[in-house]
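J.: Below is one structure. I have some questions about it.
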Amino acid sequence: MPVFFIERDDIRNGTVSITGPLVRHLKASFRVRPGETVWLGESGGPRYQVRITATYRDRLTGNILSESAPPSRNVPRLTVGLALIDRDHMEWAIQKATELGVARLVPLLTARTVVRPKAGRANPLLTRWQRIALEAAQQSMRWDVPIVTAPTAFEAWCANAERDACRWLLWEKPGRTLLRNWLRGQRCPDSVTLAIGPEGGFDAGEVELAERHGFEIVSLGDHILRTESAVLAALAIVQYEWGNLG
Numbered sequence: 005m006p007v008f009f010i011e012r013d014d015i016r017n018g019t020v021s022i023t024g025p026l027v028r029h030l031k032a033s034f035r036v037r038p039g040e041t042v043w044l045g046e047s048g049g050p051r052y053q054v055r056i057t058a059t060y061r062d063r064l065t066g067n068i069l070s071e072s073a074p075p076s077r078n079v080p081r082l083t084v085g086l087a088l089i090d091r092d093h094m095e096w097a098i099q100k101a102t103e104l105g106v107a108r109l110v111p112l113l114t115a116r117t118v119v120r121p122k123a124g125r126a127n128p129l130l131t132r133w134q135r136i137a138l139e140a141a142q143q144s145m146r147w148d149v150p151i152v153t154a155p156t157a158f159e160a161w162c163a164n165a166e167r168d169a170c171r172w173l174l175w176e177k178p179g180r181t182l183l184r185n186w187l188r189g190q191r192c193p194d195s196v197t198l199a200i201g202p203e204g205g206f207d208a209g210e211v212e213l214a215e216r217h218g219f220e221i222v223s224l225g226d227h228i229l230r231t232e233s234a235v236l237a238a239l240a241i242v243q244y245e246w247g248n249l250g
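Residue numbers for the sequence shown follow our numbering, beginning at 5 and rising by one.
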């Protein structure tokens, strides 16, 4: 069974009281009944083994059987700036990025971005993206839930990128260092920031802008990947070389 995220306020004196959408999910999808155990966790905090004691129409209660502290972080904090793409592929990318350990995902509006949120649609989109990240974090038994932000202009995102992070922009033009070659032999940093462009890639002006803001320009190889495939490949390479994948 996955781990389900709760708030600190849901816990009091060794008991847990669950309300909201999680109640319906546990009762309808997992058919949780009194006497059964579930795993609950605070995002970035402890994880609890809980025995359900009672189920109500809009609430579940349980007793904490054991508590586990989160492990020390042994992989870089991963931030991805991902050019906004069509709905289905964007949602898939958010799900897979979550499974591969991304800590923060920023949808980017770039020169070649075709899909742009309509007026009044940004908030519902963000709510849906955050729910997808939450569900993927639970399914993959992560200790935290990644942050998904509202769409941001590429220029503004570059200007505000974390200065202490290793910053890379993926570009399909030939002659660039492969990401895997750049990683090998390098000391594992505390933070990594990846910029991934739309179908058609970043334009030359955006690449120059990123370089001025300290981004290294790297490649994933000879093949041209779709945006959502590039997310998967880049994060898998970073996790393989510097994380706990493989």
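Heads up, the beta-carbon is just placed ideally off N, CA and C, and yes, glycines get one too.
Identify every residue that forms a DSSP beta bridge with ALA220.
T.: Here residue 220 corresponds to residue number 216 of the sequence shown, with the count starting at 1. Before going further, note that residue 220 is Glu rather than Ala in the sequence given. Its beta-bridge partners are TRP172.
J.: Would you call the CB atoms of ALA73 and PRO50 closer than 7 Å?
T.: If you number the sequence shown from 1, residue 73 lands on position 69. If you number the sequence shown from 1, residue 50 lands on position 46. Cβ distance < 7 Å, so ALA73 and PRO50 count as in contact.
J.: Could you pull out every unbroken beta strand (DSSP E) segment of at least 3 residues lying fully inside the segment 7-57, listed in chain order?
T.: 7-9, 19-23, 41-45
J.: What is the rounded straight-line gap between the Cα of TRP43 and the Cα of PRO6?
T.: The residue you call residue 43 lines up with position 39 of the sequence shown. The residue you call residue 6 lines up with position 2 of the sequence shown. Going from the Cα of TRP43 to the Cα of PRO6 covers about 7 Å.
J.: Relative to the C-alpha of ASN248, which residue among GLU71, ARG16, PRO80, GLN53 is closest?
T.: As a position in the sequence shown, residue 248 is number 244, starting the count at 1. Ranking GLU71, ARG16, PRO80, GLN53 by Cα distance to ASN248 puts PRO80 first.
J.: Could you check how far apart the C-beta atoms of LEU182 and SER233 are, in whole angstroms? I think they sit under 8 Å.
T.: Your numbering for residue 182 matches position 178 in the sequence shown. Your numbering for residue 233 matches position 229 in the sequence shown. Incorrect: roughly 16 Å between the Cβ atoms, too far for contact.
J.: Would you report the Cα separation of VAL242 and ARG184, rounded to the nearest angstrom?
T.: The sequence position of residue 242 within the sequence shown is 238, counting from 1. The sequence position of residue 184 within the sequence shown is 180, counting from 1. Our two residues, VAL242 and ARG184, have alpha carbons roughly 8 Å apart in a direct line.
J.: What does a CB cutoff of less than 7 Å around LEU229 pick up in its chain, not counting 5 residues either side in sequence?
T.: The sequence position of residue 229 within the sequence shown is 225, counting from 1. In the same chain as LEU229, and ignoring 5 residues on each side of it, the C-beta atoms closer than 7 Å to its own belong to ALA237, in chain order.
J.: In whole angstroms, give me the CA-to-CA distance for PRO128 and HIS29.
T.: For the purposes of this step, residue 128 is identified with residue 124 of the sequence shown, where counting begins at 1. For the purposes of this step, residue 29 is identified with residue 25 of the sequence shown, where counting begins at 1. In a straight line, the C-alpha of PRO128 is about 20 Å away from that of HIS29.
J.: State the Cα-Cα distance for the pair ILE22 and THR153, rounded to the nearest angstrom.
T.: Within the sequence shown, numbered from 1, the residue matching residue 22 stands at position 18. Within the sequence shown, numbered from 1, the residue matching residue 153 stands at position 149. Rounded to whole angstroms, ILE22 to THR153 spans 26 Å at the Cα level.
J.: Report all residues from its chain with a CB closer than 7 Å to the CB of ALA165; omit the five preceding and five following residues, and keep chain order.
T.: Here the question's residue 165 lines up with position 161 in the sequence shown. These residues qualify, in order along the chain: ARG171, THR197, HIS217.
J.: Going by DSSP in three states, GLY225 sits in which element: helix, strand or coil?
T.: Locating residue 225 in the sequence shown gives position 221, counting from the first residue. Of the three classes helix, strand and coil, the one that applies to GLY225 here is coil, per DSSP.
J.: If you follow the beta strand (DSSP E) that ALA87 is in, where does it begin and where does it stop?
T.: Position 83 of the sequence shown holds residue 87. Looking at the DSSP string, the run of the beta strand (DSSP E) that includes ALA87 is 81-87.
J.: Looking at the secondary structure, which residues open and close the alpha helix (DSSP H) in which GLU4 lies?
T.: With the chain covering only 5 through 250, there is no way to say anything about residue 4.
J.: Given a cut-off of 7 Å on the beta-carbon distance, is the pair ALA160 and LEU113 in contact?
T.: The residue given as residue 160 occupies position 156 in the sequence shown. The residue given as residue 113 occupies position 109 in the sequence shown. The answer is no: Cβ separation not under 7 Å.
J.: Between GLY45 and the rest of its own chain, which residues show a CB-CB distance below 8 Å, the 5 nearest in sequence each way excluded?
T.: For the purposes of this step, residue 45 is taken as residue 41 along the sequence shown, with counting starting at 1. Within the same chain, GLY45 has close Cβ partners VAL7, PHE8, PHE9, ILE10, ARG51, TYR52, TRP147.
J.: Under 6 Å Cβ to Cβ from GLY66, same chain only, skipping five residues before and after it: list those, please.
T.: To locate residue 66, count along the sequence shown from 1; it is residue 62. Residues of the same chain with a CB within less than 6 Å of the CB of GLY66, apart from the 5 flanking positions on each side, are VAL20, VAL54, ARG55, ILE56, THR57 in chain order.
J.: Given a cut-off of 7 Å, decide if LEU86 and ILE221 are closer than it, judged by their beta-carbon atoms.
T.: Position 217 of the sequence shown, counting from 1, holds the residue named residue 221. Position 82 of the sequence shown, counting from 1, holds the residue named residue 86. No, they are not a contact pair.
J.: With a threshold of 16 other CB atoms inside 10 Å of the CB of THR131, please say whether the residue is buried or exposed.
T.: Residue mapping note: residue 131 aligns to position 127 of the sequence shown, counting from 1. With fewer than 16 other Cβ atoms from the protein chains shown falling within 10 Å of its own Cβ, THR131 counts as exposed.
J.: I'd like the span of the alpha helix (DSSP H) that includes ASN127, first residue to last.
T.: For the purposes of this step, residue 127 is identified with residue 123 of the sequence shown, where counting begins at 1. Taken as a continuous stretch (DSSP letters only), the alpha helix (DSSP H) holding ASN127 covers 126-143.
J.: List the residues that DSSP assigns as beta-bridge partners of SER72.
T.: Within the sequence shown, residue 72 is the residue found at index 68, counting from 1. Bridge partners of SER72 according to DSSP: ARG51.
J.: What whole-angstrom Cβ distance do VAL149 and ALA137 have, given they're in contact under 8 Å?
T.: By 1-based counting over the sequence shown, the position of residue 149 is 145. By 1-based counting over the sequence shown, the position of residue 137 is 133. Rounded, the Cβ-Cβ distance is 6 Å, consistent with contact.
J.: So, helix, strand or coil for GLY209, using DSSP?
T.: On the sequence shown, position 205 is the one that residue 209 refers to. If DSSP states are grouped into helix, strand and coil, GLY209 belongs with the helices.
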